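Under our numbering, think of the first position of the sequence shown as 45, with each following residue one higher.
Note that CB positions come from ideal geometry on N, CA and C, so glycine has one too.
For clarity, every value in this text was computed on a predicted model and none was experimentally measured.
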Amino acid sequence: MTVRNENSRVLVINPGSTSTKFGVFARGGAEWIGAIRHSDSELEQFRGRSALDQLEYRAGPMGETLQRAGYDVRRFAAVAGRGGLLPPMECGTYVVDDAMVEELRQARRGEHACNLGAVLALKFAHAAGVSAYIVDPVTVDEWQDCARLSGSPLAPRSCIGHVLNTKAVARRFARERGRSYRLLRIVVVHMGSGITVSAHRDGRMIDNNTPEEGPFGPDRTGYLPVQALIKVCCGGDYNAKQLDRMVFG
(Lines of atoms letter the chains of each structure in order from A and count residues from 1; the text may use other names and numbers.)
(Lines give C-alpha, C1' and ligand atoms only; values in the text may rest on other atoms or scores of the structure.)
Protein backbone atom coordinates (compact mmCIF):
# COMPACT_ATOMS: atom_id res chain seq x y z
CA MET A 1 0.00 0.00 0.00
CA THR A 2 1.31 3.45 -0.92
CA VAL A 3 1.07 6.03 1.85
CA ARG A 4 0.38 9.50 0.54
CA ASN A 5 0.60 12.92 2.13
CA GLU A 6 -3.01 14.12 2.27
CA ASN A 7 -2.23 17.39 4.08
CA SER A 8 -3.02 19.41 0.94
CA ARG A 9 -5.87 17.21 -0.25
CA VAL A 10 -9.63 17.47 0.20
CA LEU A 11 -11.99 14.52 0.62
CA VAL A 12 -15.27 15.12 -1.22
CA ILE A 13 -18.42 13.08 -0.50
CA ASN A 14 -21.63 12.85 -2.54
CA PRO A 15 -24.28 10.54 -1.04
CA GLY A 16 -27.16 9.67 -3.34
CA SER A 17 -30.25 7.51 -3.13
CA THR A 18 -28.54 4.40 -4.51
CA SER A 19 -24.82 5.13 -4.13
CA THR A 20 -22.15 6.99 -2.19
CA LYS A 21 -19.62 8.66 -4.46
CA PHE A 22 -16.45 10.14 -3.00
CA GLY A 23 -13.04 11.27 -4.15
CA VAL A 24 -9.77 12.89 -3.21
CA PHE A 25 -8.97 16.23 -4.82
CA ALA A 26 -5.70 18.15 -4.99
CA ARG A 27 -4.96 21.52 -6.60
CA GLY A 28 -4.76 19.89 -10.00
CA GLY A 29 -8.24 18.35 -9.71
CA ALA A 30 -9.47 14.85 -8.98
CA GLU A 31 -6.69 12.51 -7.88
CA TRP A 32 -8.81 9.47 -7.03
CA ILE A 33 -12.52 8.68 -7.37
CA GLY A 34 -14.52 5.89 -5.74
CA ALA A 35 -18.15 4.78 -5.47
CA ILE A 36 -20.12 2.32 -3.37
CA ARG A 37 -23.47 1.05 -4.68
CA HIS A 38 -26.36 0.36 -2.30
CA SER A 39 -28.88 -2.30 -3.26
CA ASP A 40 -32.58 -2.07 -2.47
CA SER A 41 -32.25 -5.08 -0.16
CA GLU A 42 -29.52 -3.34 1.86
CA LEU A 43 -31.44 -0.07 2.07
CA GLU A 44 -34.67 -1.79 3.11
CA GLN A 45 -33.53 -1.78 6.75
CA PHE A 46 -33.63 2.04 6.68
CA ARG A 47 -37.09 2.47 5.16
CA GLY A 48 -39.21 4.86 7.22
CA ARG A 49 -36.19 5.97 9.26
CA SER A 50 -34.11 9.14 9.29
CA ALA A 51 -31.54 9.36 6.50
CA LEU A 52 -28.95 10.10 9.18
CA ASP A 53 -29.41 6.55 10.51
CA GLN A 54 -27.35 5.44 7.50
CA LEU A 55 -24.23 7.26 8.76
CA GLU A 56 -22.23 4.24 9.94
CA TYR A 57 -23.59 2.02 7.15
CA ARG A 58 -22.06 4.38 4.59
CA ALA A 59 -19.02 5.66 6.50
CA GLY A 60 -17.57 2.23 7.33
CA PRO A 61 -17.11 1.01 3.73
CA MET A 62 -15.90 4.48 2.71
CA GLY A 63 -13.10 4.38 5.27
CA GLU A 64 -12.10 0.88 4.22
CA THR A 65 -12.07 1.84 0.54
CA LEU A 66 -9.94 4.93 1.19
CA GLN A 67 -7.49 2.86 3.21
CA ARG A 68 -7.16 0.29 0.42
CA ALA A 69 -6.51 3.15 -2.01
CA GLY A 70 -3.62 4.29 0.20
CA TYR A 71 -5.21 7.29 1.91
CA ASP A 72 -4.96 8.04 5.63
CA VAL A 73 -8.32 9.52 6.70
CA ARG A 74 -6.54 11.42 9.51
CA ARG A 75 -4.53 13.56 7.12
CA PHE A 76 -6.91 15.46 4.84
CA ALA A 77 -6.80 19.27 4.74
CA ALA A 78 -10.61 19.52 4.65
CA VAL A 79 -13.72 17.46 3.92
CA ALA A 80 -16.65 18.62 1.77
CA GLY A 81 -20.05 16.93 1.52
CA ARG A 82 -23.14 17.33 -0.61
CA GLY A 83 -25.58 19.77 0.99
CA GLY A 84 -28.95 18.48 2.14
CA LEU A 85 -32.52 19.69 2.59
CA LEU A 86 -31.80 22.88 4.56
CA PRO A 87 -33.72 26.17 4.66
CA PRO A 88 -33.42 28.30 1.47
CA MET A 89 -29.92 29.75 1.14
CA GLU A 90 -27.55 31.52 -1.24
CA CYS A 91 -25.24 29.63 -3.55
CA GLY A 92 -21.84 29.07 -1.93
CA THR A 93 -19.74 27.16 0.60
CA TYR A 94 -20.84 26.68 4.23
CA VAL A 95 -19.11 25.31 7.33
CA VAL A 96 -20.91 22.31 8.87
CA ASP A 97 -21.82 23.08 12.47
CA ASP A 98 -24.13 21.75 15.18
CA ALA A 99 -27.03 23.94 14.04
CA MET A 100 -26.82 22.54 10.50
CA VAL A 101 -26.68 18.95 11.75
CA GLU A 102 -29.70 19.54 14.00
CA GLU A 103 -31.64 21.03 11.07
CA LEU A 104 -30.88 17.92 9.02
CA ARG A 105 -31.84 15.69 11.93
CA GLN A 106 -35.25 17.34 12.21
CA ALA A 107 -35.69 17.00 8.43
CA ARG A 108 -38.39 19.66 8.26
CA ARG A 109 -37.89 19.91 4.49
CA GLY A 110 -37.88 16.16 3.99
CA GLU A 111 -35.78 13.00 4.24
CA HIS A 112 -33.26 12.28 1.50
CA ALA A 113 -29.82 10.71 1.18
CA CYS A 114 -28.36 14.16 0.47
CA ASN A 115 -28.96 14.97 4.16
CA LEU A 116 -26.07 12.60 4.88
CA GLY A 117 -23.53 14.78 3.06
CA ALA A 118 -22.88 17.15 5.94
CA VAL A 119 -22.77 14.48 8.67
CA LEU A 120 -20.49 12.18 6.65
CA ALA A 121 -18.19 15.13 5.98
CA LEU A 122 -18.21 16.01 9.68
CA LYS A 123 -17.36 12.44 10.70
CA PHE A 124 -14.30 12.27 8.45
CA ALA A 125 -13.32 15.86 9.29
CA HIS A 126 -13.29 14.99 13.00
CA ALA A 127 -10.94 12.08 12.26
CA ALA A 128 -8.58 14.47 10.46
CA GLY A 129 -8.99 17.31 12.96
CA VAL A 130 -10.14 19.72 10.23
CA SER A 131 -13.30 21.57 9.20
CA ALA A 132 -16.21 20.12 7.22
CA TYR A 133 -18.08 22.01 4.51
CA ILE A 134 -21.02 21.76 2.14
CA VAL A 135 -21.16 23.46 -1.27
CA ASP A 136 -24.20 24.60 -3.28
CA PRO A 137 -26.80 22.55 -1.36
CA VAL A 138 -30.03 21.34 -2.97
CA THR A 139 -31.99 24.18 -1.34
CA VAL A 140 -30.05 27.03 -2.96
CA ASP A 141 -32.79 29.48 -3.99
CA GLU A 142 -32.08 31.95 -6.80
CA TRP A 143 -35.55 31.87 -8.31
CA GLN A 144 -37.22 34.87 -9.83
CA ASP A 145 -40.46 35.67 -8.01
CA CYS A 146 -42.78 34.51 -10.78
CA ALA A 147 -41.26 31.00 -10.57
CA ARG A 148 -42.88 30.54 -7.16
CA LEU A 149 -46.38 30.79 -8.59
CA SER A 150 -48.37 27.59 -9.03
CA GLY A 151 -51.99 27.13 -10.00
CA SER A 152 -53.12 27.86 -6.43
CA PRO A 153 -51.94 30.21 -3.63
CA LEU A 154 -52.51 27.28 -1.24
CA ALA A 155 -49.56 25.44 -2.80
CA PRO A 156 -46.72 27.75 -3.88
CA ARG A 157 -43.72 26.16 -5.59
CA SER A 158 -40.57 25.66 -3.50
CA CYS A 159 -37.03 25.63 -4.89
CA ILE A 160 -35.24 22.27 -4.54
CA GLY A 161 -32.96 20.73 -7.15
CA HIS A 162 -29.59 19.21 -8.02
CA VAL A 163 -27.80 22.53 -7.64
CA LEU A 164 -24.28 21.21 -7.02
CA ASN A 165 -23.98 19.37 -10.32
CA THR A 166 -26.10 21.86 -12.24
CA LYS A 167 -23.93 24.82 -11.24
CA ALA A 168 -20.71 22.88 -11.85
CA VAL A 169 -21.80 21.92 -15.37
CA ALA A 170 -22.95 25.47 -16.16
CA ARG A 171 -19.61 26.94 -15.02
CA ARG A 172 -17.64 24.30 -16.94
CA PHE A 173 -19.66 24.96 -20.08
CA ALA A 174 -18.90 28.68 -19.78
CA ARG A 175 -15.21 28.07 -19.07
CA GLU A 176 -14.75 25.72 -22.04
CA ARG A 177 -16.19 28.35 -24.35
CA GLY A 178 -14.23 31.24 -22.88
CA ARG A 179 -17.39 32.93 -21.62
CA SER A 180 -18.54 34.22 -18.25
CA TYR A 181 -21.31 32.15 -16.62
CA ARG A 182 -22.87 35.44 -15.48
CA LEU A 183 -23.34 36.51 -19.10
CA LEU A 184 -25.01 33.31 -20.34
CA ARG A 185 -28.63 32.25 -20.70
CA ILE A 186 -28.66 28.45 -20.69
CA VAL A 187 -30.75 25.40 -19.82
CA VAL A 188 -29.01 22.65 -17.80
CA VAL A 189 -30.33 19.10 -17.26
CA HIS A 190 -29.19 16.85 -14.40
CA MET A 191 -30.13 13.20 -14.96
CA GLY A 192 -29.90 10.70 -12.12
CA SER A 193 -32.38 8.88 -9.89
CA GLY A 194 -34.00 12.31 -9.85
CA ILE A 195 -33.99 14.76 -12.78
CA THR A 196 -33.60 18.55 -12.60
CA VAL A 197 -34.16 20.78 -15.63
CA SER A 198 -33.11 24.34 -14.83
CA ALA A 199 -33.01 27.76 -16.51
CA HIS A 200 -30.00 30.02 -15.83
CA ARG A 201 -29.67 33.74 -16.47
CA ASP A 202 -27.03 36.24 -15.32
CA GLY A 203 -25.29 33.66 -13.13
CA ARG A 204 -28.44 32.60 -11.29
CA MET A 205 -30.69 29.53 -11.54
CA ILE A 206 -33.96 31.39 -12.01
CA ASP A 207 -36.30 28.37 -12.36
CA ASN A 208 -36.27 24.57 -12.26
CA ASN A 209 -38.61 21.66 -11.77
CA THR A 210 -38.79 20.39 -8.19
CA PRO A 211 -38.71 16.69 -7.13
CA GLU A 212 -42.51 16.48 -7.37
CA GLU A 213 -42.62 17.98 -10.86
CA GLY A 214 -41.06 17.38 -14.24
CA PRO A 215 -39.87 14.08 -15.74
CA PHE A 216 -40.36 10.82 -13.89
CA GLY A 217 -37.19 8.92 -12.97
CA PRO A 218 -36.08 5.69 -11.27
CA ASP A 219 -37.48 6.86 -7.92
CA ARG A 220 -39.63 9.91 -8.85
CA THR A 221 -43.14 9.90 -10.26
CA GLY A 222 -42.85 13.39 -11.71
CA TYR A 223 -46.14 15.10 -12.53
CA LEU A 224 -49.28 13.21 -11.53
CA PRO A 225 -52.94 13.76 -12.51
CA VAL A 226 -54.14 16.05 -9.71
CA GLN A 227 -57.69 14.72 -9.38
CA ALA A 228 -56.50 11.12 -9.32
CA LEU A 229 -53.90 12.01 -6.68
CA ILE A 230 -56.56 13.68 -4.52
CA LYS A 231 -58.64 10.51 -4.61
CA VAL A 232 -55.65 8.39 -3.58
CA CYS A 233 -54.77 10.75 -0.72
CA CYS A 234 -58.33 10.89 0.57
CA GLY A 235 -59.11 7.21 0.06
CA GLY A 236 -57.78 6.19 3.47
CA ASP A 237 -55.66 3.31 2.13
CA TYR A 238 -52.29 5.03 2.68
CA ASN A 239 -50.79 7.32 5.30
CA ALA A 240 -48.57 10.35 4.54
CA LYS A 241 -45.28 8.45 4.90
CA GLN A 242 -46.43 5.69 2.58
CA LEU A 243 -47.55 8.20 -0.05
CA ASP A 244 -44.28 10.11 0.24
CA ARG A 245 -42.31 6.92 -0.38
CA MET A 246 -44.49 6.00 -3.36
CA VAL A 247 -43.97 9.42 -4.96
CA PHE A 248 -40.34 10.19 -4.10
CA GLY A 249 -38.80 6.75 -3.58
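Helix, strand or coil, according to DSSP, for Leu55 in the structure here?
Counted from its first residue, the sequence shown places residue 55 at position 11. In the three-state reduction of the DSSP assignment, Leu55 falls in the strand class, which pools E and B.
In this structure, does DSSP put Ser63 in helix, strand or coil?
Along the sequence shown, one-based indexing puts residue 63 at 19. Correct three-state label for Ser63: strand.
So the candidates are Asn252, Gly236 and Cys135; which of them puts its Cα closest to the Cα of Ala243?
Sequence index remark: in the sequence shown, residue 243 carries index 199 (1-based). Comparing Cα-Cα distances from Ala243 to each of Asn252, Gly236 and Cys135, the minimum goes to Asn252.
Could you check whether the stretch 96 to 106 touches the stretch 160 to 168, counting it as contact only if at least three pairs of C-beta atoms, one from each stretch, sit closer than 8 Å?
As far as the Cβ criterion goes, the stretch 96 to 106 touches the stretch 160 to 168, which means the pair count is three or higher.
Are the stretch 119 to 134 and the stretch 148 to 163 touching, with three or more C-beta to C-beta distances below 8 Å?
Taking a contact to require three or more Cβ pairs closer than 8 Å, the stretch 119 to 134 and the stretch 148 to 163 qualify as touching.
How long is the line joining the alpha carbons of Ile239 and Pro255, rounded to whole angstroms?
Taking the first residue of the sequence shown as 1, we reach residue 239 at position 195. Taking the first residue of the sequence shown as 1, we reach residue 255 at position 211. Rounded to the nearest whole angstrom, the CA to CA distance from Ile239 to Pro255 is 8 Å.
Between the alpha carbons of Gly78 and Ala70, how many angstroms are there, rounded?
Stepping through the sequence shown from its first residue, residue 78 is reached at position 34. Stepping through the sequence shown from its first residue, residue 70 is reached at position 26. When rounded, the distance between both Cα atoms is 15 Å.
Whole-angstrom distance between Arg192 and Leu198, CA atom to CA atom
Locating residue 198 in the sequence shown gives position 154, counting from the first residue. Locating residue 192 in the sequence shown gives position 148, counting from the first residue. Whole-angstrom Cα-Cα distance: 12 Å.
For Ser242, the three-state DSSP class (helix, strand or coil)
Counted from its first residue, the sequence shown places residue 242 at position 198. Reduced to three states, the DSSP call for Ser242 is strand.
Which class does Phe168 belong to by DSSP, given the choice of helix, strand or coil?
Sequence index remark: in the sequence shown, residue 168 carries index 124 (1-based). In the displayed model, Phe168 falls within a helix according to three-state DSSP.
Where does the unbroken alpha helix (DSSP H) through Arg248 begin, and where does it stop?
Residue 248 sits at position 204 when you count from the first residue of the sequence shown. Arg248 -> not in any alpha helix (DSSP H); beta strand (DSSP E) instead, spanning Arg248 to Asn252.
For the 8 Å Cβ check, are there 3 or more pairs between the stretch 48 to 67 and the stretch 77 to 96?
Contact holds: three or more Cβ-Cβ distances are below 8 Å.
Host beta strand (DSSP E) of Gly205 (start-end):
One-based indexing of the sequence shown puts residue 205 at position 161. Element bounds for Gly205: n/a, residue is neither H nor E.
Residues of its chain near Glu186, where Cβ-Cβ distance is below 6 Å and the 5 sequence neighbours each way are ignored
To locate residue 186, count along the sequence shown from 1; it is residue 142. Only Arg248 and Met249 meet the Cβ criterion.
Could you say which of Tyr138, Ala122, Ala214 and Asn159 lies nearest to Val179 if we only look at CA atoms?
Residue 179 sits at position 135 when you count from the first residue of the sequence shown. Shortest Cα-Cα distance from Val179 to any of Tyr138, Ala122, Ala214 and Asn159 involves Tyr138.
Pro262 Cβ short of 8 Å to the ligand GTP heavy atom set
Ligands in the displayed structure: none, and consequently the ligand GTP is not present.
By the DSSP assignment, the beta strand (DSSP E) with Glu75 in it spans what residues?
Locating residue 75 in the sequence shown gives position 31, where the first residue counts as 1. Gly73 to Arg81 is the extent of the beta strand (DSSP E) around Glu75.
Exposure label - Val140; buried when at least 16 CB within 10 Å
By one-based count along the sequence shown, residue 140 stands at place 96. If you draw a 10 Å sphere on the C-beta of Val140, you find 16 or more other C-beta atoms in it, and that means buried.
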